[in-house]
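Everything on this sheet refers to the single structure shown next.
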Amino acid sequence: MRTTEGSTKDRAGFWSVAAGYATTELLVLWRMRTPLVFMFAVPATLALTLGSAVAGEGSHGRAMLGIAVMFSFTTTHYTGLALFREFGSNTWVRQALHRPPRGAFLLGKILPIAGIGLTQLSLFTAIAVVFYGTPVHGSVWQLLAIAVTLLGVSCAMGVVLYLVTADTSTFESLFYIFLITAGSVGGAIVPDGNLPALSRAVGVLTPHHWALRALDEATSGRGEWGPVLQSIGVLGCCAVVLGAVAATAFDYRRQKYDLY
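In this text, residue positions in the sequence shown follow the UniProt record's numbering: the first is 1, and each later residue adds one.
Okay, here's the thing in structure tokens:
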């Protein structure tokens, strides 16, 4: 009985810690406002102005989906900044002394950012369907599974990128290189079929390629679960590997530098 009660208390404590950090992070994001620009206004502008030029005549909907996938990786950016922010606000010593459960701490940092990312992907998919006539031959569950696994990859990548950099300047430089390069070769801007052979070959290594492969199947494709599950499986494996690296390598004692 004691063991059961102890494990129940541990679980309650874990989720209480995660909820506390998530609430704080959500308030910070609300005060920042910039996530609203980079995750909604910028991709909307690009999709509207470049749609037919990059995705083919009458394919604004596909362009909107591709650019939404590309900018969903700004969750990578905000996840890393959420961790670096502890140094800028001089609260890292408190975290290092208190040493909250790593999983609860990271989950609390990630959840609000992932929630904004899910909202972004849902909104742009709805716009593509309602206003640009993008068909949905699959199911809503397919679209949800694609979005969740994609965000799992992007947020876990933010933690890993934080782990391998010492300051925000280096972190942001690497992030923007990844954002533009992976988005370009992964078919987020120009569909795979219109890319050079070398770009297509490299693009297979990006999460963008697999997310858009699944989205294309669920929307303008035949809506079959086979190709969608294959792509989700690849994204899921990437998320698990990155998440495992993030959870095991994260160290409260490691000094970082917030240069803002």
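Positions of the beta carbon are idealized from the N, C-alpha and C atoms, including for glycine.
Local conformation of residue i per DSSP, three classes
i, result
"aspartate 167", "strand"
"tyrosine 257", "strand"
"tyrosine 252", "coil"
"glycine 13", "helix"
"threonine 134", "coil"
"arginine 99", "coil"
"threonine 91", "coil"
"serine 122", "helix"
Pair within 8 Å by beta-carbon distance, residue i and residue j
i, j, result
"glycine 108", "glutamate 25", "yes"
"phenylalanine 124", "leucine 65", "yes"
"phenylalanine 178", "glycine 80", "no"
"residue 262", "alanine 22", "A question about residue 262 goes unanswered here, because the residues of the chain that appear run from 1 up to 260."
"alanine 18", "alanine 147", "no"
"alanine 246", "leucine 97", "no"
"phenylalanine 171", "leucine 161", "yes"
"alanine 44", "leucine 143", "no"
"threonine 168", "aspartate 258", "yes"
"threonine 75", "alanine 114", "yes"
Residues of its chain near residue i, where Cβ-Cβ distance is below 6 Å and the 5 sequence neighbours each way are ignored
i, result
"valine 185", "Ser199, Val202 and Gly203"
"threonine 134", "Gly61, Ala128 and Thr219"
"tyrosine 243", "According to the sequence provided, residue 243 is glycine. The question's tyrosine does not apply to it. Only Ala156 meet the Cβ criterion."
Cβ distance (whole Å) where residue i is taken to contact residue j below 8 Å
i, j, result
"residue 268", "alanine 156", "The structure shown does not extend to residue 268, since the chain is modelled only from 1 to 260, so the question has no answer here."
"histidine 208", "methionine 32", "With 8 Å as the limit, histidine 208 and methionine 32 do not qualify as a contact, their Cβ atoms being about 25 Å apart."
"threonine 206", "alanine 182", "4 Å"
Cβ-based neighbour list, residue i, same chain, cut-off 8 Å, excluding 5 preceding and 5 following
i, result
"leucine 118", "Ala147, Val148 and Leu151"
Contacting residues, own chain, Cβ-Cβ under 7 Å from residue i (five flanking each side not counted)
i, result
"glycine 236", "Thr149"
Open item on the list: I'd like the ranges of any alpha helix (DSSP H) spanning at least 4 consecutive residues and lying wholly in the segment 154-242.
Closed with: 168-185, 197-203 and 207-218
Task: Runs of alpha helix (DSSP H) wholly within the segment 34-79 (minimum 4 residues, chain order) - done: 42-55 and 60-72
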